[in-house]
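Student:
Residue numbers (our numbering), protein chains in the order written: chain A, -18 to 322; chain B, 5 to 418.
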């Protein structure tokens, strides 16, 4: 990516800044970062550990999607292909080679990035709804491969008994609570990578392309190439999340590559707030907890509730949960700064 | 799962300070023969989707009935008075089933999980049962994998499977004169298994399968597949569709007038709730394999009457099988005088039992397949129906020993 960075560095021009950059290096940002870390570390004490792990994985997945949706303006409706593709690859590596799980997850992530190259290359030519449809079509192809290649993937029955091999440390291999802390660094690394990507000069070019791609092209940026790279990076992070999800659950099912999974992560990102990055994590936490609660509540209409929440958020809080909060905080600090001035 | 809220809050507040402590280990050491002084039966199934009617909340009722009967039978001699049921919705998603199963075993202290329709979900739960060393009595899923390559010590398969369905219907219909078959099956694991098993059964009985047509799943329009199948002039069209797909196919079969051309329809998997939702006239004359029918004899009927009082509806075989599984589990605990999993497994293995659901029942020790008499049923014509839910006529009984896959073929290694 280094050549791209120089590329972007040489061209200085005003970019519409993304939200949240308003309170740039304020102490508030560090406070929020510390709070976020504290939540991530304390989560399995408050939430049932396997659910906490689900939240982490979905959070990274939603953040990965937000790189495309929020910073490139590309709505991918096929990210299940990378989450699920990596889940299968991770599962297969773990089952057949018995390597420690971080290695299996890395293999899954590489696999996701590999399949993302041709998919991204062919998809980024389209924009808007067409981009969404093309990515959906590719994801469905992955779904059917996973379904039909039964000898390898287990088809409808799923890939069962994926081990959590971790250097023979039994606590991590058997207890979800300890596994959480073994997996947490990988997730945090993924989130940090996402943050680096969108706040790098490369990320600023993405925003420029999102807001005015003819202008970016006129300035000499290879728009398609930037989009493909963003697509592959996003797929890699989605793959990291999906691989850990597979290890955490101990099996991989077709659900992972189903279009509903793509839909769910879009829902989380929109709920949390598009273009806010951390909003995805908030949305993921909210949806996973809600679904878990509903599943044991005896109430039947799970879809109705998540659907209603989605409608309400889209109609009333268009910035999403995190976006709305961030907006309130930043507008207040701007006001108080104005008074002081 | 509201029971543990207080505990959770306590753990949460203490947790931050006690991070160095031992974390959340497994359930505490058992104080007596019965862990936590209570037996917890967990029903994990589809409470909101396509399988809601055939298992769903009424399976929970059936398990409650089993507990009531157990208490009544043993009274003060019962191993414990404290028996409760918890339930959760797996939404037919294996991921959800997997997490819920862990949660039920860990947080709700469930000693056994019951029901779990949808094969992929059932296999995920079986894996959890193996890891957690807790019992899993599957009722709702059809896959033979549970007692085959993926069998384990703590998993039992109670009511039916694809082999039983295919073998029963395929053999009986072929011997009844339906020699030439066309099979229409949905192209996923269940359909593919059924197609293979049916072909084997039909050919074993001296018939022939002239063609098998794979259809997308799920699918609404079966007209082209039916036309293609009927073009070969078969005696029988066998459909392996289930649920909503089956209902669509049967409607289109009837509208196409294939029955008038002398083609009969055999159905791979059908629940009484399917007949109820589509109406008996649509299915009239269709033959299929039943694990149990509520009106098959006085004992079944008496139980179905109680069930009707409790729920306002007649039971499917899955409901009766959940009752049976819960009851036999409790009886096994009673005999073992503990709910410790290994002891209960030992009691269940090789058990020969009779109850409302199990006729000539036996829990095979080798693969944990529960075998029992199965039935070839025929859907009544509308003028034969005498009361609500009186839809089926039992044509033949398939003895337990013949109804299920022989142990030698299971491939199960525990």
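Even for Gly, the Cβ is constructed at its ideal location relative to N, Cα and C.
Nearest to residue 67 of chain B by CA position, among B:360, B:152, B:342 and B:260, is which residue?
Tutor: By 1-based counting over the second chain, the position of residue 67 of chain B is 63. The residue with the shortest Cα to Cα distance from residue 67 of chain B is B:360.
Student: Which value, in whole angstroms, describes the spacing of the CA atoms of residue 326 of chain B and residue 119 of chain B?
Tutor: As a working mapping, residue 326 of chain B is identified with position 322 in the second chain. As a working mapping, residue 119 of chain B is identified with position 115 in the second chain. Those two C-alpha atoms are separated by around 6 Å.
Student: Between A:261, A:29 and A:185, which lies nearest to residue 17 of chain A when the distance is taken from Cα to Cα?
Tutor: What you label residue 17 of chain A is simply residue 36 of the first chain in a count that begins at 1. Of the listed residues, the one whose Cα sits closest to residue 17 of chain A is A:261.
Student: Let me know if residue 129 of chain A comes out buried or exposed under the rule of 16 or more other beta-carbons within 10 Å of its beta-carbon.
Tutor: Here the question's residue 129 of chain A lines up with position 148 in the first chain. So residue 129 of chain A counts as exposed.
Student: What is the residue span of the beta strand (DSSP E) that residue 166 of chain A lies within?
Tutor: To locate residue 166 of chain A, count along the first chain from 1; it is residue 185. Note, residue 166 of chain A: premise wrong, no beta strand (DSSP E); alpha helix (DSSP H) at 157 to 180.
Student: What residue range is occupied by the uninterrupted beta strand (DSSP E) comprising residue 268 of chain B?
Tutor: Here the question's residue 268 of chain B lines up with position 264 in the second chain. Membership of residue 268 of chain B in the beta strand (DSSP E) is indicated by the continuous run 268 to 271.
Student: Going residue by residue through the segment 229 to 291 of chain B, where are the continuous alpha helix (DSSP H) segments of at least 4 residues, counting only ones entirely within it?
Tutor: If you keep only unbroken alpha helix (DSSP H) runs of at least 4 residues inside the segment 229 to 291 of chain B, you get 247 to 259, 276 to 282 and 284 to 287.
Student: Name, please, each residue of chain C whose Cβ falls closer than 9 Å to the Cβ of residue 245 of chain B.
Tutor: In the structure shown, chain C does not exist; the protein chains are A and B.
Student: State yes or no: is the beta carbon of residue 33 of chain B nearer than 9 Å to at least one beta carbon in chain A?
Tutor: On the second chain, residue 33 of chain B is found 29 positions in, with the first residue counted as 1. Note on residue 33 of chain B: pLDDT 38, under 50, position unreliable in the model; the coordinate value appears next. No, no contact with chain A.
Student: What separation, rounded to the nearest whole angstrom, lies between the Cα atoms of residue 54 of chain A and residue 47 of chain A?
Tutor: As a first step, residue 54 of chain A must be located in the first chain, where it is residue number 73. As a first step, residue 47 of chain A must be located in the first chain, where it is residue number 66. One C-alpha to the other measures close to 9 Å.
Student: Going by CA-CA distance only, name the one from A:276, A:277, A:253 and A:274 that's closest to residue 295 of chain A.
Tutor: One-based indexing of the first chain puts residue 295 of chain A at position 314. Among A:276, A:277, A:253 and A:274, the Cα nearest to that of residue 295 of chain A is on A:253.
Student: So the candidates are B:219, B:63 and B:38; which of them puts its Cα closest to the Cα of residue 320 of chain B?
Tutor: If you number the second chain from 1, residue 320 of chain B lands on position 316. Taking only the C-alpha atoms, the option nearest residue 320 of chain B is B:63.
Student: Determine which residues share a DSSP beta bridge with residue 90 of chain B and list them.
Tutor: As a working mapping, residue 90 of chain B is identified with position 86 in the second chain. Bridge partners of residue 90 of chain B: B:46.
Student: Compute the Euclidean distance between the alpha carbons of residue 222 of chain A and residue 22 of chain A, then round it to the nearest angstrom.
Tutor: Locating residue 222 of chain A in the first chain gives position 241, counting from the first residue. Locating residue 22 of chain A in the first chain gives position 41, counting from the first residue. Taking the straight line from one Cα to the other gives about 17 Å.
Student: Ignore the nearest five residues each way along the sequence and tell me which others in residue 302 of chain A's own chain have a CB closer than 8 Å to its CB.
Tutor: In the first chain, residue 302 of chain A corresponds to position 321, counting from 1. For residue 302 of chain A, where only same-chain residues beyond five positions count, the Cβ hits under 8 Å are 252, 253, 254, 260, 263, 264, 267 and 294.
Student: Please compile the residues from chain A whose C-beta is within a distance smaller than 8 Å of the C-beta of residue 147 of chain B.
Tutor: For the purposes of this step, residue 147 of chain B is taken as the residue at position 143 of the second chain. Chain A residues near residue 147 of chain B: 138.
Student: Can you give me the C-alpha to C-alpha distance between residue 20 of chain A and residue 13 of chain A, rounded to a whole angstrom?
Tutor: Counting from 1 along the first chain, the entry for residue 20 of chain A is found at position 39. Counting from 1 along the first chain, the entry for residue 13 of chain A is found at position 32. Near 10 Å, if we compare the C-alpha coordinates of residue 13 of chain A and residue 20 of chain A.
Student: Taking 9 Å as the CB-CB cut-off, is residue 128 of chain A touching chain B?
Tutor: Sequence index remark: in the first chain, residue 128 of chain A carries index 147 (1-based). Yes, its Cβ sits closer than 9 Å to a Cβ of chain B.
Student: Note down the Cα distance separating residue 35 of chain B from residue 345 of chain B, rounded to an integer number of angstroms.
Tutor: Along the second chain, one-based indexing puts residue 35 of chain B at 31. Along the second chain, one-based indexing puts residue 345 of chain B at 341. Here the model assigns residue 35 of chain B a pLDDT of 41, short of 50, so the residue's position is not dependable, and the following value carries that caveat. Taking the CA atoms as reference points, residue 35 of chain B sits about 15 Å from residue 345 of chain B.
Student: Classify residue 285 of chain A: buried if its beta carbon has 16 or more other beta carbons within 10 angstroms, exposed otherwise.
Tutor: Locating residue 285 of chain A in the first chain gives position 304, counting from the first residue. That one is exposed.
Student: Are the beta-carbon atoms of residue 115 of chain B and residue 86 of chain B separated by less than 9 Å?
Tutor: On the second chain, position 111 is the one that residue 115 of chain B refers to. On the second chain, position 82 is the one that residue 86 of chain B refers to. The answer is no: Cβ separation not under 9 Å.
Student: Pull up the CB-CB distance for residue 160 of chain A and residue 34 of chain A, whole angstroms please, since I reckon it's below 8 Å.
Tutor: To locate residue 160 of chain A, count along the first chain from 1; it is residue 179. To locate residue 34 of chain A, count along the first chain from 1; it is residue 53. Sure, about 7 Å apart at Cβ, within 8 Å.
Student: For residue 249 of chain A and residue 43 of chain A, I'd like the C-alpha separation in whole angstroms.
Tutor: Locating residue 249 of chain A in the first chain gives position 268, counting from the first residue. Locating residue 43 of chain A in the first chain gives position 62, counting from the first residue. Approximately 6 Å, taken between the alpha carbons.
Student: For the pair the segment 207 to 220 of chain A and the segment 74 to 83 of chain B, tell me if three or more CB-CB distances fall below 8 Å.
Tutor: no
Student: Do the segment 157 to 166 of chain B and the segment 219 to 228 of chain B make contact, defined as three or more Cβ pairs closer than 8 Å?
Tutor: Contact fails: fewer than three Cβ-Cβ distances are below 8 Å.
Student: Classify residue 399 of chain B: buried if its beta carbon has 16 or more other beta carbons within 10 angstroms, exposed otherwise.
Tutor: Against the second chain, residue 399 of chain B aligns to sequence position 395. So residue 399 of chain B counts as exposed.
Student: Just the C-alpha distance for residue 81 of chain A and residue 163 of chain A, rounded to the nearest angstrom, thanks.
Tutor: By one-based count along the first chain, residue 81 of chain A stands at place 100. By one-based count along the first chain, residue 163 of chain A stands at place 182. In a straight line, the C-alpha of residue 81 of chain A is about 11 Å away from that of residue 163 of chain A.
Student: CB-CB under 8 Å to residue 291 of chain A, same chain, minus the five flanking residues each way: which ones, in chain order?
Tutor: On the first chain, residue 291 of chain A is found 310 positions in, with the first residue counted as 1. The answer, listed in chain order, is 248, 251 and 252.
Student: Is any beta-carbon of chain A found at less than 9 Å from that of residue 135 of chain B?
Tutor: Within the second chain, numbered from 1, the residue matching residue 135 of chain B stands at position 131. Yes - at least one Cβ of chain A is within 9 Å of the one on residue 135 of chain B.
Student: With DSSP run on the structure shown, which of helix, strand or coil describes residue 147 of chain B?
Tutor: On the second chain, position 143 is the one that residue 147 of chain B refers to. Looking at residue 147 of chain B - three-state DSSP - the assignment turns out to be coil, as it is neither helix nor strand.
Student: What residue range is occupied by the uninterrupted alpha helix (DSSP H) comprising residue 259 of chain A?
Tutor: For this step, residue 259 of chain A is matched to residue 278 along the first chain. Where residue 259 of chain A is concerned, the enclosing alpha helix (DSSP H) stretches over 259 to 278.
Student: Taking the beta carbon of residue 1 of chain B as the centre, do at least 16 other beta carbons fall within 10 Å, making it buried, or is it exposed?
Tutor: As shown, chain B starts at 5 and ends at 418. That puts residue 1 of chain B outside it, with no answer to give.
Student: Whose C-beta lies closer than 7 Å to the C-beta of residue 52 of chain B among residues of the same chain, with five residues either side of it excluded?
Tutor: In the second chain, residue 52 of chain B corresponds to position 48, counting from 1. Counting only Cβ-Cβ distances below 7 Å, and skipping sequence neighbours, we find 93 and 95.
Student: Would residue 127 of chain B pass as an interface residue toward chain A - the criterion being a Cβ-Cβ separation below 9 Å?
Tutor: Position 123 of the second chain, counted from the start, is the residue given in the question as residue 127 of chain B. Yes - at least one Cβ of chain A is within 9 Å of the one on residue 127 of chain B.
Student: Could you confirm whether any beta carbon from chain A is found closer than 9 Å to the beta carbon of residue 419 of chain B?
Tutor: Outside the shown range of chain B, which is 5 to 418, sits residue 419 of chain B, and nothing can be said about it.
Student: Between the segment 189 to 200 of chain B and the segment 145 to 157 of chain B, can you find at least three pairs of beta-carbon atoms closer than 8 Å?
Tutor: As far as the Cβ criterion goes, the segment 145 to 157 of chain B touches the segment 189 to 200 of chain B, which means the pair count is three or higher.
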